[in-house]
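Student:
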Amino acid sequence: MAEVSTPTLEGVSFTLTEEQKMLQQTARDFARREIAPVAEHYDRSGEFPWDVVKKGQELGLTILNIPEEYGGIGANTLEECIVSEELAWGCSGISTAMTINNLSALPVILGANDEQRKLWLGRMVDGEFGAYAVTEPGAGSDVIGMRTRAEKKGDKWILNGSKMFISNANVAGFFTVFAVTDPEAGHRGLSCFVVEASAPGVSVSKHFDKLGQRAADTAEVTFEDVEVPEANLLGGKPGKGFYLAMQVFDRSRPMVAAGAVGVAQRALDESIKYAKERTTFGTPIYNHQAVGHMIADMAMNVEAARLLVWRSAVMVDELGANTKFASFAKAFAADTAMKTTVDAVQVFGGYGFMKEYPVEKLMRDVKVFQIYEGTSQIQRNVIVRELFRE
Ligand SMILES: Cc1cc2nc3c(=O)[nH]c(=O)nc-3n(C[C@H](O)[C@H](O)[C@H](O)COP(=O)(O)OP(=O)(O)OC[C@H]3O[C@@H](n4cnc5c(N)ncnc54)[C@H](O)[C@@H]3O)c2cc1C
């Protein structure tokens, strides 16, 4: 994949560089050729889309953000967003299955030493998957309320607890796991470890049957007296987990938001096509103002969401800080995509409700964008916190 330069935050540019356009085109072709044609099959079967994922691996789509010095593509956040939008246009479930690796690599990229990076990122470059484990059965939004406990015994950490709704849990070779190392220290008492999926005491549930994004594996992971070597602690010392998780969010939220934009764009594209073909009262339905305006709103909001995604991505790439904008992008893109897909079903009328047509799947798939990587309510909490801190 081509090397891509980052646009500057000085002045305003809405144009991608030639290299970025090539990257976008590569992902777009992949989504249209390899993902969209099999999306319905994987939605129905709920199987993990190995054949597509393997083709994506050949293009480097599962190691996008791994720095080149460790064998990855070296994409920055903006470039990841460009790819994420295109892949999600094809199917956001398959896209999640493929790009979750980039999320699980983030704690290693941001918090590991050189030796750890060589090991874990190198394994991903060789084709292995990681999974990112923060959420627990009793604590999702409330990250500090997590209970998974890591206690130091000699030169090892002993891990006990369980993690809920973990994407790619059944295909991962290792997990980046957040756990409490000091229960008295609040957010300073959380730490992040890399845990081998094959370690004695690690078990993964069957994958959950879901409303949408059914091609992506989601499961519960349980740790029972799992021995984790000190060398697997990220951040150099215990207590760095919360800070690391927040740094991850600044990068993962734009990327997830970009996926929502991709689904919304697909809903818009399908709506335009259908509204030209379907006639009622002797005219294509887009000529009825109620329908035309719905589609105009979709187009406006998709474009606004994309601009927020790009801005939040460029901010973290250039300044290393974008928390408020990452939440703007995540909440706006997810909420926009939800409304856009619901409206797309409306544009299709009764056919929109049928599995034979593409939009009901978009509506089911997109709901989770308002839930994972921080719910839409939590994004607004972050925005309020940032506004009043300013
Ligand atoms: C398909 C799928 C894949 C996922 N993949 C992963 C993964 O790979 N790794 C991972 O760690 N997690 C993953 N998650 C978990 C996801 O991040 C959590 O579900 C999410 O953070 C919400 O947590 P919760 O489910 O515990 O809901 P809760 O935190 O219990 O929230 C329930 C409701 O209350 C609201 N709420 C809670 N607290 C507040 C508050 N303070 N103010 C306002 N409203 C509030 C929420 O917005 C929500 O509407 C995944 C989830 C799903 C569904």
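Per my numbering, residue 58 is the first one in the sequence shown, and the count goes up by one each step.
Don't be surprised by glycine CBs; every beta carbon is placed ideally from N, CA and C.
Identify which residue in ALA229, GLU142, ALA356 has its Cα closest to the Cα of VAL318.
Tutor: Residue GLU142 is the option with its Cα nearest to VAL318.
Student: Verify whether the separation of the beta carbon atoms of THR156 and GLU136 is less than 9 angstroms.
Tutor: No, the pair does not count as a contact, with Cβ atoms beyond the cut-off.
Student: What does CYS249 pair with, by DSSP beta-bridge criteria?
Tutor: PHE235, LEU291
Student: Measuring CB atoms only, is the stretch 307 to 324 touching the stretch 332 to 340, in the sense that at least three cross pairs come out at less than 8 angstroms?
Tutor: no
Student: Please report the distance separating the alpha-carbon of GLY292 from that of VAL69.
Tutor: 36 angstroms
Student: Identify whether MET58 lies in helix, strand or coil by the three-state DSSP scheme.
Tutor: Low per-residue confidence applies at MET58: pLDDT is 45, beneath 50, and the placement is therefore not dependable enough to give any value.
Student: Whose C-alpha, out of LYS112, ALA273, LEU365, is nearest the C-alpha of ARG310?
Tutor: LEU365
Student: Where do the ends of the alpha helix (DSSP H) carrying ALA356 lie?
Tutor: 346 to 376
Student: Starting from ASP282, trace the beta strand (DSSP E) both ways and give me its first and last residue.
Tutor: 275 to 286
Student: Over what stretch of residues does the beta strand (DSSP E) that includes PHE222 continue unbroken?
Tutor: 213 to 224
Student: In three-state DSSP terms, what is VAL261?
Tutor: strand
Student: Do you know whose CA, among PRO286, GLN346, ALA388, THR238, lies nearest MET312's CA?
Tutor: ALA388
Student: What do you reckon, is the C-beta of THR192 under 8 angstroms from a heavy atom of ligand 1?
Tutor: yes
Student: Here's a check: name, in chain order, each residue in its chain whose Cβ is nearer than 6 angstroms to the Cβ of ALA132, leaving out the five neighbours to either side.
Tutor: LEU121, ASN122
Student: Just verifying my parser: in three-state terms, what is the DSSP assignment at THR337?
Tutor: strand
Student: Thinking GLY298 and LEU376 are a contact (beta carbons under 8 angstroms), I'd like their distance in whole angstroms, please.
Tutor: Wrong, their Cβ atoms sit about 23 angstroms apart, outside the cutoff.
Student: Taking Cβ to Cβ, would you say GLY129 is nearer than 9 angstroms to PHE87?
Tutor: No; because the gap between Cβ atoms is not below 9 angstroms, this pair is not in contact.
Student: Is the distance from the Cβ of ILE342 to the Cβ of VAL416 below 9 angstroms?
Tutor: no
Student: Please classify GLU104: does DSSP put it in a helix, a strand, or coil?
Tutor: Residue state, collapsed to three classes: coil.
Student: Do THR205 and VAL234 have their beta-carbon atoms positioned less than 9 angstroms apart in this structure?
Tutor: By the CB criterion at 9 angstroms, VAL234 and THR205 fall inside the cutoff.
Student: In terms of residues, what are the limits of the alpha helix (DSSP H) holding ARG180?
Tutor: 171 to 182
Student: So, is LYS418 buried or exposed, given that buried needs 16 or more other C-beta atoms within 10 angstroms?
Tutor: Buried: at least 16 other Cβ atoms inside 10 Å.
Student: If you count every other CB in all the chains shown that lies within 10 Å of the CB of SER149, and 16 or more means buried, which is it?
Tutor: buried
Student: I want to check one thing, is the minimum distance from the CB of MET420 to the heavy atoms of ligand 2 below 8 angstroms?
Tutor: With respect to small molecules bound, the structure shown includes ligand 1 and not ligand 2.
Student: Less than 7 angstroms between C-beta atoms, sequence neighbours within five positions excluded: which residues of the same chain meet that for GLY184?
Tutor: GLN114
Student: What are the start and end residues of the alpha helix (DSSP H) that includes LYS396?
Tutor: 380 to 405
Student: Between the alpha carbons of GLN173 and LEU163, how many angstroms are there, rounded?
Tutor: 13 angstroms
Student: Kindly give me the distance between the Cβ atoms of THR398 and ALA324, rounded to whole angstroms, as I take these residues to be in contact under 8 angstroms.
Tutor: Rounded to whole angstroms, the Cβ separation of THR398 and ALA324 is 5 angstroms, and the two are in contact under 8 angstroms.
Student: Less than 8 angstroms between C-beta atoms, sequence neighbours within five positions excluded: which residues of the same chain meet that for GLU443?
Tutor: THR380, LYS381, SER384
Student: Can you give me the C-alpha to C-alpha distance between ILE201 and HIS244, rounded to a whole angstrom?
Tutor: 6 angstroms
Student: For ARG271, which of helix, strand or coil comes out of DSSP?
Tutor: coil
Student: Mark LEU66 as exposed unless 16 or more other C-beta atoms lie within 10 angstroms of its C-beta, in which case mark it buried.
Tutor: exposed
Student: Which of the three DSSP states is assigned to ALA242 in this structure?
Tutor: coil
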